[in-house]
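Everything on this sheet refers to the single structure shown next.
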């Protein structure tokens, strides 16, 4: 499970201290990855592999995006439990780094990466992702068509 920052104001070369001025809100993100011998460039690009929801929480509702509990359960078993304070890069650093290479526009989404605890899921599994102050999102895994 990842924190998704939804951009509300365009910018490039944004400094970390100004980064949150460019955020409209936050959501839960599941950035799924195909495992195996597939080309790395295709591992994250399949249909349905970037799941967002269950809604956008405006940034004024989250005082500190870098201190939110998050968890994911698969078939009722906890697979991941952490806090955004444990991520390698905080939201501001993610935005700063991204904008050294790309211009961000309203509606763009930056996923923060995931803490330890990722693992495989199979068709038929049910995932429930939670992030404090955002909510909970249930996703059923299905086989590719």
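In the numbering used here, the protein residues as written are 1126 to 1270.
Note that CB positions come from ideal geometry on N, CA and C, so glycine has one too.
**Asked** Which residues does DSSP pair with residue 1142 in a beta bridge?
**Response** None; residue 1142 has no bridge partner.
**Message:** Taking 8 Å as the cut-off, does the segment 1247-1259 touch the segment 1178-1188 (at least 3 CB pairs, one atom from each stretch)?
**Reply:** yes
**Request:** Would you mind listing the beta strand (DSSP E) stretches within the segment 1180-1231 that are 3+ residues and don't spill past its ends, in chain order?
**Result:** 1194-1199, 1202-1208
**Prompt:** Nearest to residue 1128 by CA position, among 1143, 1179, 1246, 1146, is which residue?
**Reply:** 1179
**Request:** Give the straight-line distance between the Cα atoms of residue 1168 and residue 1150, rounded to the nearest whole angstrom.
**Result:** Residue confidence for residue 1168 is low, a pLDDT of 47 falling below 50, so the modelled location carries little weight; the figure read from the coordinates is stated next. In a straight line, the C-alpha of residue 1168 is about 27 Å away from that of residue 1150.
**Request:** Below 8 Å on the Cβ atoms is my guess for residue 1147 versus residue 1153; work out the distance and round it to an integer in Å.
**Result:** Going by Cβ atoms, the distance from residue 1147 to residue 1153 rounds to 20 Å, so no, they are not a contact pair.
**Prompt:** Which value, in whole angstroms, describes the spacing of the CA atoms of residue 1201 and residue 1193?
**Reply:** 21 Å
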